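J.: The numbering of the sequence shown is the UniProt record's numbering, which starts it at 1 and goes up by one. Glycine included, every Cβ here is placed at the ideal spot set by N, Cα and C. Since we're looking at a predicted model, the values are computed, not measured.
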Amino acid sequence: MARPARSDSEKKRGGMRAAALLHALARHVGAENPYQFATRFDARMNSTTHTSGKWRLNFAGSQALSINQLKLLSQFDARANLLHVRGPADLWIALWGDAHDLWQLCRSRLCHMGPSLDDRIWLEVAGEFTDEKAFDVTLADFEGEVLLAEAYQALLPLRYLSEAVALHRLFQTLNTLALLSFDGAGTYRCVRICLDNANVAAELSHHGILESVRDELAVIVTRPEAAVPAEQRWEALRPRLDWIG
1 MARPARSDSE
11 KKRGGMRAAA
21 LLHALARHVG
31 AENPYQFATR
41 FDARMNSTTH
51 TSGKWRLNFA
61 GSQALSINQL
71 KLLSQFDARA
81 NLLHVRGPAD
91 LWIALWGDAH
101 DLWQLCRSRL
111 CHMGPSLDDR
121 IWLEVAGEFT
131 DEKAFDVTLA
141 DFEGEVLLAE
151 AYQALLPLRY
161 LSEAVALHRL
171 FQTLNTLALL
181 SFDGAGTYRC
191 VRICLDNANV
201 AAELSHHGIL
211 ESVRDELAVI
221 VTRPEAAVPA
231 EQRWEALRPR
241 LDWIG
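(1) Between G61 and A19, which are expected to be in contact by the criterion C-beta below 8 Å, what is the C-beta distance as a whole number of angstroms?
(2) Within 10 angstroms of its Cβ, does A38 collect 16 or more other Cβ (buried), or is it exposed?
(3) Would you mind giving the Cβ-Cβ distance between L155 and A198, rounded to the nearest angstrom? I have them listed as a contact below 8 Å.
(4) By a C-beta neighbour count over all protein chains shown, 10 Å radius and 16 as the cutoff for buried, is L161 buried or exposed?
(5) Which whole-angstrom value is the C-beta distance of G14 and A64, which I expect to be below 8 Å?
(6) How far does the alpha helix (DSSP H) with W92 in it reach, from first residue to last?
(7) Alpha carbons only, please: which of Y152, V191 and L158 is nearest the one belonging to F171?
(8) With a floor of 3 residues, list each beta strand (DSSP E) that falls wholly inside the region 161 to 195, ordered by position along the chain.
(9) Which residue wins for smallest C-alpha separation from F59, given the options F76, T51, N33 and A43?
(10) Going straight from the alpha carbon of C194 to that of P229, what length do you get?
(11) Starting from T222, trace the alpha helix (DSSP H) in both directions and tell me its first and last residue.
(12) Could you spell out the range, first to last residue, of the alpha helix (DSSP H) harbouring Y35?
(13) Using 8 Å as the threshold, is the region 125 to 135 in touch with the region 107 to 114, meaning 3 or more CB pairs across them?
(14) DSSP state of P115, grouped into three classes?
(15) Please report the straight-line C-alpha distance between N81 and A24, rounded to a whole angstrom.
(16) Hey, would you say W55 sits closer than 8 Å to L22, going by beta carbons?
(17) For T48, does the count of other Cβ atoms within 10 angstroms reach 16, so buried, or fall short, so exposed?
(18) Count the CB pairs spanning the region 64 to 74 and the region 136 to 148 that are closer than 8 Å, and state whether there are at least three.
(19) Could you pull out every residue in the same chain whose Cβ sits closer than 7 Å to the Cβ of H50, ignoring the five residues on either side in sequence?
(20) To the nearest angstrom, how far is the alpha carbon of G127 from that of S9?
(21) On the DSSP letters alone, give me the boundaries of the alpha helix (DSSP H) that A202 sits inside.
(22) Ignore the nearest five residues each way along the sequence and tell me which others in R44's own chain have a CB closer than 8 Å to its CB.
(23) Below 8 Å between beta carbons: does that hold for C106 and E143?
(24) Can you round the beta-carbon distance between L91 and L158 to whole angstroms, since I take them to be within the 8 Å contact cut?
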């Protein structure tokens, strides 16, 4: 039976997954373009992909990886499947994953510094945090951290964007199910501030997905809530964060 045709959104997402994965693998082996990556791939895998331009369209995000390509990349680097599914800093889960998986992405539920920690360090220390915060407290703490980063023009890791998107989606999901007693409007602004952060933009660019991620998040960052002044959000958070003077 033939595979059902992919929708335009599925094709776009497949291209984003391909571009991010190949850029990550290329950086890992010191390759700066598709040809250099193919040369290093061929040397290790005893193949001739550099003569056929096998990876060029995938690098550009114009074409999703085929099952066979992904299998080859998994043989080349054992992390390939995981990176393809989860994306850089778990961004694909935050953007498109099941809502049930979003809370686990939010490191701020355990530690306000969680999103800033390297993944290897987080794996070592995450188990030490036993007091999980409620969703509304986590949301306020995270927005406070983003507001501070904005005020001091701090460089944020890409994981801040993943967490901002995850918290936004969680709030939207909960808000459709029940009346909430706390303000989640700041989630729009958090996504915008994280997306506009110089380091986040650089990381997305290094993965070849900056413009496509901007397109994906345009529906959030162009909302009026995303453009409210920082002072307005500080005032909204004042009753919820005791460290605000």
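T.: Looking at the atomic coordinates:
(1) To locate residue 61, count along the sequence shown from 1; it is residue 61. To locate residue 19, count along the sequence shown from 1; it is residue 19. Contact holds; Cβ gap of about 4 Å.
(2) Against the sequence shown, residue 38 aligns to sequence position 38. The residue is buried, with at least 16 neighbouring Cβ atoms inside 10 Å.
(3) The residue labelled residue 155 in the question sits at position 155 within the sequence shown. The residue labelled residue 198 in the question sits at position 198 within the sequence shown. That pair is a contact at about 6 Å.
(4) Translated into positions along the sequence shown, residue 161 becomes position 161. Burial is judged here by how many other beta carbons sit within 10 angstroms of a residue's own beta carbon; L161 has at least 16 and is buried.
(5) Mapped onto the sequence shown, residue 14 falls at position 14. Mapped onto the sequence shown, residue 64 falls at position 64. Indeed, because the Cβ distance is near 3 Å, the residues count as touching under 8 Å.
(6) Here the question's residue 92 lines up with position 92 in the sequence shown. Start and end: L91 to W96.
(7) Locating residue 171 in the sequence shown gives position 171, counting from the first residue. If you compare the alpha carbons of Y152, V191 and L158 with that of F171, the shortest gap goes to V191.
(8) Assignment of beta strand (DSSP E) within the region 161 to 195, counting only whole runs of 3 or more residues, yields no such run.
(9) On the sequence shown, residue 59 is found 59 positions in, with the first residue counted as 1. Nearest of F76, T51, N33 and A43 to F59, Cα basis: N33.
(10) As a working note, residue 194 is residue 194 in the sequence shown. As a working note, residue 229 is residue 229 in the sequence shown. Going from the Cα of C194 to the Cα of P229 covers about 15 Å.
(11) Numbered from 1 along the sequence shown, position 222 holds the residue referred to as residue 222. In this chain, T222 is not harboured by any alpha helix (DSSP H), its DSSP state being neither H nor E.
(12) Reading the sequence shown from its first residue, position 35 is the one you call residue 35. For Y35, the enclosing alpha helix (DSSP H) covers residues P34 to M45.
(13) Yes, since at least three Cβ pairs between the region 125 to 135 and the region 107 to 114 fall closer than 8 Å, the two stretches touch.
(14) On the sequence shown, residue 115 is found 115 positions in, with the first residue counted as 1. Under the three-state reduction of DSSP output, P115 falls in the helix class.
(15) One-based indexing of the sequence shown puts residue 81 at position 81. One-based indexing of the sequence shown puts residue 24 at position 24. Between N81 and A24, the C-alpha separation is close to 12 Å.
(16) By one-based count along the sequence shown, residue 55 stands at place 55. By one-based count along the sequence shown, residue 22 stands at place 22. In contact: W55 and L22 (Cβ atoms closer than 8 Å).
(17) To locate residue 48, count along the sequence shown from 1; it is residue 48. Only exposed fits T48, as fewer than 16 other CB atoms lie within 10 angstroms of its CB.
(18) No: fewer than three Cβ pairs fall under 8 Å.
(19) As a first step, residue 50 must be located in the sequence shown, where it is residue number 50. Closer than 7 Å at Cβ, skipping near neighbours: Y35, A38, T39 and D42.
(20) To locate residue 127, count along the sequence shown from 1; it is residue 127. To locate residue 9, count along the sequence shown from 1; it is residue 9. Here the C-alpha atom of G127 lies approximately 37 Å from the C-alpha atom of S9.
(21) As a position in the sequence shown, residue 202 is number 202, starting the count at 1. For A202, the enclosing alpha helix (DSSP H) covers residues A198 to H206.
(22) Against the sequence shown, residue 44 aligns to sequence position 44. For R44, where only same-chain residues beyond five positions count, the Cβ hits under 8 Å are F76.
(23) For the purposes of this step, residue 106 is taken as residue 106 along the sequence shown, with counting starting at 1. For the purposes of this step, residue 143 is taken as residue 143 along the sequence shown, with counting starting at 1. Result no, Cβ atoms of C106 and E143 do not sit closer than 8 Å.
(24) Here residue 91 corresponds to residue number 91 of the sequence shown, with the count starting at 1. Here residue 158 corresponds to residue number 158 of the sequence shown, with the count starting at 1. Going by Cβ atoms, the distance from L91 to L158 rounds to 7 Å, so yes, they are a contact pair.
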